[in-house]
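Notes for the one structure printed next.
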Amino acid sequence: MTSRLTIAIAGATGDFGFQVAKAFLLPSLRSRFIDVVILTRAASARTQELVSLGAKLCLYSADKLSESLEGINVLVNAVGSQGHDFKNQLLHAICNSSIQLYFPSEFGVNHYIHDFSHDEWDAKKAHFRLSQQLAPKSLRICRVYAGLFLEDSIGPWFGFATRESRYQAVGSPDQPSSYTSKLDVGKALAILASMPPNDVPAEVQLSGDSKSFNQTAAIMQEHGAGPIQVSSIPLDKYKLEVISSPSSTPERYLRFLMGEGKIDHASRALMNQNELFQGPLGIQTFKSMEDLAKETNGKPWAEVEWKPTSP
């Protein structure tokens, strides 16, 4: 562990960033840092909650970002998919600051291994290329890929139609995918942020739990779902249909990526760095699919009404 640093989190009022900030503020992790600063345009109920947990609040304006980063050593960029222009503004400010370690807004799938284009992931690639052009040698950049968010993914958008008791895989229903809870991603980021910046890997893949459609169905049935019918559709045909009729949101693409095994961070092909975070001073146990099943009585997102995205 390095000497204590000051952390800033941008995007901490979003659904993902809020969980990340709460992880940094857990007593076992908060003590590793001098301050945990929440960068936000305006105060809100969520910022008030984070302040009550021990965070400091920094209200910024877009034309004074550099001033907001004074004294910050590590920045976590948890800004969502609608904020790509702001992310690039933030990057320019970072590269003229005292920041030593930067976590860009990745945190999902490793899209650098994809064999197709999509606006959302293309914007992230462009941001990383810009960081390579602008970053001084003193700035360490770490991209973290969590796979799919555990609490958001077992729903109809990925083929898990809980309400109808039907799961539909693209490709083999025995192909696992990696799921990591948002809080566990935050814990992993806090552990990385407490390391000497030069020791932080350039890329980190997480796998909170890796399960297939068949395994997920068995777990949910064990915890109250009732019988679940598991089926599959041909991978190659589905992928071709999706790529030939692009959509702005990524769920259709993620479904065939699941089938291709490109979100299985427990496989030998992709692997993960979970060992960096496990142990008495880290994440003793990642949240599992069974934990989710227990919390939801085997019926995650059973009440949701959802219509597939049109191309």
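Residues in the sequence shown are numbered consecutively from 1, following the UniProt record's numbering.
We treat Cβ as the ideally placed atom computed from N, Cα and C, and that holds for glycine.
A quick note: this is a predicted structure, and the numbers were derived from the prediction, not measured.
For the segment 235 to 279, list the alpha helix (DSSP H) runs that are entirely contained and at least 4 residues long, ordered along the chain.
-> Taking only runs of at least 4 residues, the alpha helix (DSSP H) segments lying wholly in the segment 235 to 279 are 235 to 244 and 251 to 260.
Buried or exposed: which applies to E151, given that a residue is buried once 16 or more other Cβ atoms fall within 10 Å of its Cβ?
-> Classification of E151: buried, given that the 10 Å Cβ count is 16 or more.
One or two residues paired with D35 in a DSSP bridge = DSSP lists T6 as partners of D35.
What residue does the beta strand (DSSP E) around E203 start on, and which one ends it?
-> First-last of the beta strand (DSSP E) with E203: E203 to Q205.
Measure the C-alpha to C-alpha separation of I191 and I219 and round it to an integer number of angstroms.
-> Cα-Cα distance, rounded: 30 Å.
For G186 versus G298, is the C-beta spacing smaller than 7 Å?
-> Cβ atoms of G186 and G298: not closer than 7 Å.
Just tell me which of L270, K307, D63 and Q229 has its CA closest to the CA of W157.
-> The shortest Cα separation from W157 among L270, K307, D63 and Q229 belongs to K307.
Cα-Cα, which of I7, T285, L257 and T296 is closest to A169?
-> Of the listed residues, the one whose Cα sits closest to A169 is L257.
Is any beta-carbon of chain B found at less than 7 Å from that of S194?
-> Absence of chain B from the displayed structure is noted, only one protein chain being present.
Which residues bound the alpha helix (DSSP H) around F16?
-> In the DSSP annotation of this structure, the continuous segment of the alpha helix (DSSP H) that includes F16 starts and ends at D15 to F24.
Just curious, the beta strand (DSSP E) that F103 is in, first and last residue?
-> Taken as a continuous stretch (DSSP letters only), the beta strand (DSSP E) holding F103 covers L101 to F103.
Straight-line CA distance for A302 to T216?
-> When rounded, the distance between both Cα atoms is 15 Å.
Reducing DSSP to helix, strand and coil, say where A169 ends up.
-> It is a strand residue.
Throw me the rounded Cβ distance for the S181 and K287 pair, which I believe falls under 8 Å.
-> Right, the Cβ-Cβ distance comes to about 4 Å (below 8 Å), so this counts as a contact.
On the premise that L50 lies in contact with I38, defined as a C-beta separation below 8 Å, what is that separation, rounded to the nearest angstrom?
-> Confirmed, Cβ separation roughly 5 Å.
Do Q175 and G259 have their CB atoms nearer than 7 Å?
-> Taking C-beta atoms as the reference points, Q175 and G259 count as a pair closer than 7 Å.
Report buried or exposed for I283, applying the criterion of at least 16 other Cβ atoms within 10 angstroms of its Cβ.
-> Under this definition I283 is a buried residue.
Using a Cβ-Cβ cut-off of 6 Å (strictly less than) and excluding sequence neighbours within five positions of R32, which residues of its own chain qualify?
-> Leaving aside the five residues that flank R32 on each side, the residues in its chain whose CB is nearer than 6 Å to its CB run, in chain order, S194.
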